[in-house]
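In this note's numbering, the protein residues as written are 17 to 385. Idealized CB from N, CA, C, for every residue including glycine. Small disclaimer: the values here were computed from a predicted structure and weren't measured. Quick notes on the structure that follows.
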Amino acid sequence: MTGPKLFEPITIGDLTLANRIVIAPMCQYSAVDGCMTDWHLIHLGHLALSGAALLTIEATAVLPEGRISYRDVGLYDDATEAAIARTIEGVRRHSPMPIAIQLGHAGRKASTDLPWLGGGQIPPSAGHGWQTEAPSALGFAATDNAPVALDHAGLKRVRDAFADAARRAARLGIDAVQLHGAHGYLLHQFLSPLSNRRTDDYGGSLENRMRFPLEVFDAVRQVFPAAKPVTMRVSGTDWVAGGWDSAQTVAFAQALEARGCSSIHVSSGGLDPRQDIPIGPSYQVPLARAVKQAVGMPVIAVGLITEPEQAEAIVGTGDADLIALARAILYDPRWPWHAAARLGAQVTAPNQYLRSQPREYKDLLRPSS
Ligand SMILES: Cc1cc2nc3c(=O)[nH]c(=O)nc-3n(C[C@H](O)[C@H](O)[C@H](O)COP(=O)(O)O)c2cc1C
C-alpha cells in the first residue's frame with residue numbers, strides 16, 4: 017500500500033521538501049521601520065515547528081514605499097536585513113524547515129492602515145502615509161489618493177530594488193524567493209488590463225502587460241543562486257469581467273517557466289473592489305489545475321483548504337503538486353501533525369516534543385535529528 021501523496025517528498029529546483037504542505041506568506045503588520053521584531057521570531061518560530069515542508073516569510077517590501085502599511089517587513093537596507101538575519105538565525109537553531117521569502121511591492125495598494133484599525137488608505141498628507149506608485153494613475157478605490165504612474169526611471173528603480181532584495185535574501189541564506197505577483201499588488205497591477213492603462217511598451221497587449229513582471233523575474237533570477245528556486249505567486253483571475261483571467265495566467269505561467277521559474281503558486285483576486293468571488297472550499301483549485309495542465313513546473317494550490325482529506329485529494333488527483341495553508345495553520349499550528357495522523361503518515365517533530373505522540377499513533381513523530 018502506498019502512503020498519502022500529501023506526505024511524499026518533492027523537489028523544486030535543488031530544494032527537496034519533506035511533504036506537500038507549504039505555509040503561505042502572511043503579513044503580520046508587526047515590523048518597526050521595516051525591521052522584523054520579536055513577534056516575528058515567535059510567529060515564524062512556532063510555525064517552523066509545525067511539520068510543514070516550507071515556511072514562507074510574509075510579503076516583504078523591496079522599497080519603503082512598497083510596503084502595504086507602515087508596519088510591514090522590508091528588505092531594502094542593512095537594518096532590515098539584519099533584523100531578518102536575527103529572526104531566521106533563531107528559527108533555524110530549532111527547526112530544519114526550509115525558508116522562503118515573498119518579495120513584493122504594493123504599488124497603488126501601499127500606504128494603508130493596519131487591518132485591525134480598518135485597513136484603509138492613508139493619504140500622503142497624514143502621519144504614516146506616503147504617495148503611492150503604480151503602472152497608471154488609477155487608484156484601487158475611487159476615494160483613494162491616486163498613485164503616480166511609474167516612468168522609465170521609476171521602473172528601473174523598482175526592478176533594481178527587487179534584485180537588491182534578492183541579493184540580500186541570498187546573503188541571508190534564504191532557500192527560495194517567491195515574487196508577489198498576486199492580490200492586486202504592483203506586479204499584478206501591471207498584468208491586469210483594469211489597472212494597467214499604459215500606452216508604452218508596458219501596457220496594452222498581454223505581451224506588454226507581462227513585460228515588467230517578467231523583467232523583474234529575470235533580474236531576480238540573475239542574482240539569486242542558480243541552484244535555489246525563484247518562484248511566482250499569481251492571482252489566477254481578477255473575478256471581474258474584462259480583467260486578468262485564467263487563460264492569461266496560463267500564458268504568464270508558460271512565459272515564466274521558459275525563463276527558469278521553479279514553481280508557481282495560484283491564488284486569486286485583490287485587484288479590483290468589484291470582484292465577485294465564489295468563496296467555498298478549494299474555490300481557487302480550478303485556477304491551479306488550469307496552470308498545472310499547461311506547465312511542467314510544480315504548481316501550488318491555496319485557498320480554503322482546511323481538511324487533510326481535501327488536501328490529499330488535490331495533490332492525489334494531480335490538480336496541484338502542493339497545497340498552501342494560511343488561516344488553517346494559524347488556527348491550528350500543528351495542522352500537518354494532525355493531517356499525518358489522519359492519513360497515516362509521519363512528520364518531523366522537535367525532539368523536545370516527541371513524548372507528546374498519542375498512544376494510538378505509534379510512528380507519527382520523527383525525531384528532527
Ligand atoms: C493574516 C494573513 C496575512 C496574509 N498575508 C499575505 C501576504 O503577506 N502575502 C500573500 O501573498 N498573501 C497573504 N495572505 C493570503 C494568504 O497567503 C492566503 O492566500 C489566503 O489567506 C487564502 O488561504 P487560506 O484559505 O488558507 O487562508 C494573508 C492571509 C492572512 C490570513
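Tell me which residues share the same chain as residue i and place their Cβ nearer than 6 Å to its Cβ, disregarding the 5 neighbours each side in the sequence.
i, result
"V315", "I280, A304, V307, K308, A336 and D337"
"I293", "W255 and G285"
With residue i as the anchor, note down where its beta strand (DSSP E) starts and where it stops.
i, result
"G197", "A192 to G197"
"L79", "No beta strand (DSSP E) holds L79; DSSP gives it neither H nor E."
"G120", "I115 to G120"
"L31", "L31 to L33"
"M248", "V246 to S251"
"I27", "Contrary to the premise, residue 27 reads as Thr rather than Ile in this sequence. Note, T27: beta strand (DSSP E), I26 to I28."
"I316", "V315 to V318"
"R382", "L381 to P383"
Within 7 Å: the Cβ of residue i and any heavy atom of ligand 1?
i, result
"M248", "no"
"H199", "yes"
"R343", "yes"
"S283", "yes"
"C43", "yes"
"H62", "no"
"I321", "yes"
"H204", "no"
"A75", "yes"
"Q309", "no"
"A40", "yes"
"H196", "yes"
"Q362", "no"
"V318", "yes"
Near residue i, which residues of its chain fall below 7 Å by C-beta distance, leaving aside the five closest residues on each side in sequence?
i, result
"S152", "A165, S211, N212, R213 and R214"
"I466", "Residue 466 lies beyond the range of the chain shown here (17 to 385); nothing can be said about it."
"D191", "L31, P114, I115, A116 and K244"
"G219", "P151, N212, R213 and R225"
Residues in its own chain within less than 8 Å of residue i by CB, not counting five upstream and five downstream?
i, result
"G296", "L320"
"R275", "L230, F233, D234 and R237"
Return the Cβ separation of residue i and residue j in integer angstroms, given the expectation that the two are a contact with Cβ distance under 8 Å.
i, j, result
"C51", "A99", "4 Å"
"S4", "R371", "The displayed coordinates of the chain run from 17 to 385. Any statement about residue 4 would go beyond what the structure contains."
"A126", "I84", "6 Å"
Tell me the residue span of the alpha helix (DSSP H) that contains residue i.
i, result
"H56", "D54 to L63"
"T96", "D94 to H110"
"H204", "L202 to L207"
"A185", "H168 to R187"
"T159", "Per DSSP, T159 belongs to no alpha helix (DSSP H) and is neither H nor E."
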